[in-house]
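Residue numbers (my numbering): 68 to 270.
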Amino acid sequence: LDGVHLAMDYLTQNTRALLDGGDAGPRWRRWWGAKKEGADMPPPLDAKGKSVIVIGGGDTGNDCIGTAVRQGAKSVINLELMPQLPSQRAASNPWPHWPFVFKVDYGHEEAATQLNGNSDIRKYSVMTKEFIDDGQGNVTGLKVVSVRWERADGQMRMGEVPGSEQVLQADMIFLALGFLGPEHPLASAFGVDLDQGGNYKAL
68 LDGVHLAMDY
78 LTQNTRALLD
88 GGDAGPRWRR
98 WWGAKKEGAD
108 MPPPLDAKGK
118 SVIVIGGGDT
128 GNDCIGTAVR
138 QGAKSVINLE
148 LMPQLPSQRA
158 ASNPWPHWPF
168 VFKVDYGHEE
178 AATQLNGNSD
188 IRKYSVMTKE
198 FIDDGQGNVT
208 GLKVVSVRWE
218 RADGQMRMGE
228 VPGSEQVLQA
238 DMIFLALGFL
248 GPEHPLASAF
258 GVDLDQGGNY
268 KAL
């Protein structure tokens, strides 16, 4: 569908457009997207005036959010499959392990203050079910459903919340999908054991 893009395509094209334009200051739009002689590149993606949804978090998703805000998006929503993290380390996440705690990065902060009345733009525990179009090949939104995470057999398992489906409007959707773990078929093919978390088991 037109309007659905990979996050890295969006970020790469925008960075190249800024570099080719030669101005990353307040007047960046004056030459933004100007092609250098001999360059054969697609025009950069522009979120100006559009309703944007970013699927996925992490650094890539955050960069998409910040870029869309600075381009002048009308609204930005960030969908997270996982639940919101706690403000402090959980007992199961002691030092020196990486701290899984709630954070606000620059993109989240800019989107909240400039587009959403200082409220977080992130929606947690949400899974995308379907892309919706206008019948002409242009995306108009997403059908999503809330999910519930529960621990079973040593792993976190996801289940849909009945009656929680809703439609979110969007003109532009960026896929910033993260890494959820190693491929289990690959482990099976090579006889590699998995631990309780579904990761490859180290000796």
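All residues carry an ideal CB built from backbone N, CA and C; glycine is no exception.
In this structure, does DSSP put residue i in helix, strand or coil?
{"i": "Glu147", "result": "coil"}
{"i": "Asp251", "result": "Before going further, note that residue 251 is His rather than Asp in the sequence given. Three-state result, His251: helix."}
{"i": "Leu73", "result": "strand"}
{"i": "Leu68", "result": "coil"}
{"i": "Leu270", "result": "coil"}
{"i": "Leu261", "result": "strand"}
{"i": "Ala157", "result": "coil"}
Decide if residue i is buried, meaning its Cβ has at least 16 other Cβ atoms within 10 Å, or exposed.
{"i": "Val206", "result": "buried"}
{"i": "Pro161", "result": "exposed"}
{"i": "Gly92", "result": "exposed"}
{"i": "His251", "result": "exposed"}
{"i": "Phe169", "result": "exposed"}
{"i": "Tyr173", "result": "exposed"}
{"i": "Gly208", "result": "buried"}
{"i": "Gln263", "result": "exposed"}
{"i": "Ala179", "result": "buried"}
{"i": "Glu147", "result": "buried"}
{"i": "Asn266", "result": "exposed"}
{"i": "Leu253", "result": "exposed"}
{"i": "Val171", "result": "exposed"}
{"i": "Gln222", "result": "exposed"}
Less than 8 Å between the CB atoms is what I'm expecting for residue i and residue j, so what's the real figure, rounded?
{"i": "Glu232", "j": "Val214", "result": "Not a contact, Cβ separation roughly 11 Å."}
{"i": "Ile122", "j": "Ala243", "result": "6 Å"}
{"i": "Gly204", "j": "Asp69", "result": "5 Å"}
{"i": "His175", "j": "Ile132", "result": "7 Å"}
{"i": "Lys210", "j": "Lys196", "result": "5 Å"}
{"i": "Gly100", "j": "Pro109", "result": "Going by Cβ atoms, the distance from Gly100 to Pro109 rounds to 10 Å, so no, they are not a contact pair."}
{"i": "Ala84", "j": "Phe241", "result": "About 16 Å; that fails the 8 Å criterion."}
DSSP has residue i in a bridge; who is on the other side?
{"i": "Ser142", "result": "Ser118"}
Could I get the ranges of all uninterrupted alpha helix (DSSP H) runs contained in the stretch 170 to 248, with 4 residues as the minimum, in chain order? Here the runs fully enclosed are 173 to 182.
Tell me the start and end of each unbroken beta strand (DSSP E) in the stretch 87 to 128 that is at least 3 residues and wholly inside, in chain order. Within the stretch 87 to 128, complete beta strand (DSSP E) segments of at least 3 residues are found at 118 to 122, given in chain order.
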